[in-house]
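In the order they appear, the protein sequences are chains A and B. For the first sequence, the numbering used here assigns the number 99 to the initial residue and increments by one for each residue that follows. For the second sequence, the numbering used here assigns the number 99 to the initial residue and increments by one for each residue that follows.
Protein chains: 2
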Amino acid sequence: MIKERTTKQKTLILSAVQGTKTHPTAEQVHAMITDVAPNLSLGTVYRNLNRLAETGIIRRISVINSPDRFDGDLTPHHHISCTDCGKFCDFFEINYDAELDRVIEARSGFSIAKHETVFYGKCPECKNKELN
Amino acid sequence: MIKERTTKQKTLILSAVQGTKTHPTAEQVHAMITDVAPNLSLGTVYRNLNRLAETGIIRRISVINSPDRFDGDLTPHHHISCTDCGKFCDFFEINYDAELDRVIEARSGFSIAKHETVFYGKCPECKNKELN
DNA sequence: TTCTTAATAGTAAATATTACTAATAAGGAG
DNA sequence: CTCCTTATTAGTAATATTTACTATTAAGAA
Numbered sequence: 099m100i101k102e103r104t105t106k107q108k109t110l111i112l113s114a115v116q117g118t119k120t121h122p123t124a125e126q127v128h129a130m131i132t133d134v135a136p137n138l139s140l141g142t143v144y145r146n147l148n149r150l151a152e153t154g155i156i157r158r159i160s161v162i163n164s165p166d167r168f169d170g171d172l173t174p175h176h177h178i179s180c181t182d183c184g185k186f187c188d189f190f191e192i193n194y195d196a197e198l199d200r201v202i203e204a205r206s207g208f209s210i211a212k213h214e215t216v217f218y219g220k221c222p223e224c225k226n227k228e229l230n
Numbered sequence: 099m100i101k102e103r104t105t106k107q108k109t110l111i112l113s114a115v116q117g118t119k120t121h122p123t124a125e126q127v128h129a130m131i132t133d134v135a136p137n138l139s140l141g142t143v144y145r146n147l148n149r150l151a152e153t154g155i156i157r158r159i160s161v162i163n164s165p166d167r168f169d170g171d172l173t174p175h176h177h178i179s180c181t182d183c184g185k186f187c188d189f190f191e192i193n194y195d196a197e198l199d200r201v202i203e204a205r206s207g208f209s210i211a212k213h214e215t216v217f218y219g220k221c222p223e224c225k226n227k228e229l230n
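Okay, here's the thing in structure tokens:
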């Protein structure tokens, strides 16, 4: 019995997210693919990104003053957002503490699937601009 | 010279956020006040919440599948979001590690003002519903 | 009390995301 | 290989969230 179909669009969307480190928004993913698939619909991008994120194949990140971003890198890591220019970066050098999830589970009664940490501040470039 | 004026609306909005633990969205803050100030405009709520959050008088929290939420409690703490029903709770029992911000600063070149951590999972009620 | 102008209400617009539907196409069955 | 079911899509409309704009109001300094 058919469950999920592999479409050209789905493949392109997943490849786009997995093939970049830019944490693109849905609209950016759409823009990345329209040269290969000119009439790819933005709705299709949203639908597939949502499903991929729910399945856990990609990560969805919610950021203040930004549309949701998507990350194909499942390696546990954190993110940094520049509150001036919106630049959005990975930060790998601090370990993601999966044990935290277990602690929260035990004390809150929730079953925790994951946590997302975003650091907010000013990137080096925006810090410099400030000095003028 | 005048810089910022204390208006009735501003006061009501701040009190509303500080007087609840429900982490209301802008629209919820608006609803909380309209009985006292029937023609308070939603735009005014957004404008004031944004400013209060920028100033650091309240916290803004960005959550997957939810409009932004606001928290009047500046005590460092984390949040838990139920991915089924959207319930949104505080979690105080794990310390907010401000030292993390300094580590990220040193290694990334950003100046970090804060970080926000949200745990995602299922609340006790939604876990039970699942068993039917 | 007057006067300047920050802030508001009300509305329109922009941005972000989801819903709907006829048409398309994936892939199992024959 | 062809047919058939139906998951998926393109295109569009609708909704949700947030910001922008402007005439009017009102905070608070002089």
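All residues carry an ideal CB built from backbone N, CA and C; glycine is no exception.
I210 of chain B: member of the beta strand (DSSP E) spanning S209 to K220, first to last residue. Residues of the region 189-205 of chain B with a Cβ closer than 9 Å to any Cβ of chain A, in chain order: F189, E191, I192, L198, D199, V201, I202, E203 and R205.
In this structure, the straight-line span from the alpha carbon of T142 of chain B to that of V134 of chain A is close to 44 Å.
Residue pairing by DSSP places S179 of chain B opposite B:F186 and B:Y218 in a beta bridge.
For R149 of chain B, the enclosing alpha helix (DSSP H) has its first and last residue at L140 to T153.
Taking T109 of chain B as reference, the option from B:R149, B:P222, B:H176 and B:F190 with the minimal CA-CA separation is B:R149.
Taking the beta carbon of D166 of chain B as reference, the chain A residues within 8 Å of it are I162, listed in sequence order. Note on geometry: alpha-carbon atoms of Y144 of chain A and I159 of chain A lie some 14 Å from one another. Counting of Cβ neighbours within 10 angstroms places L140 of chain B among the exposed residues, the total staying below 16. Close to P222 of chain B, with beta-carbon spacing below 8 Å, are these residues of chain A in chain order: G207 and F208. Taking C-beta atoms as the reference points, Y218 of chain A and K212 of chain B count as a pair closer than 7 Å.
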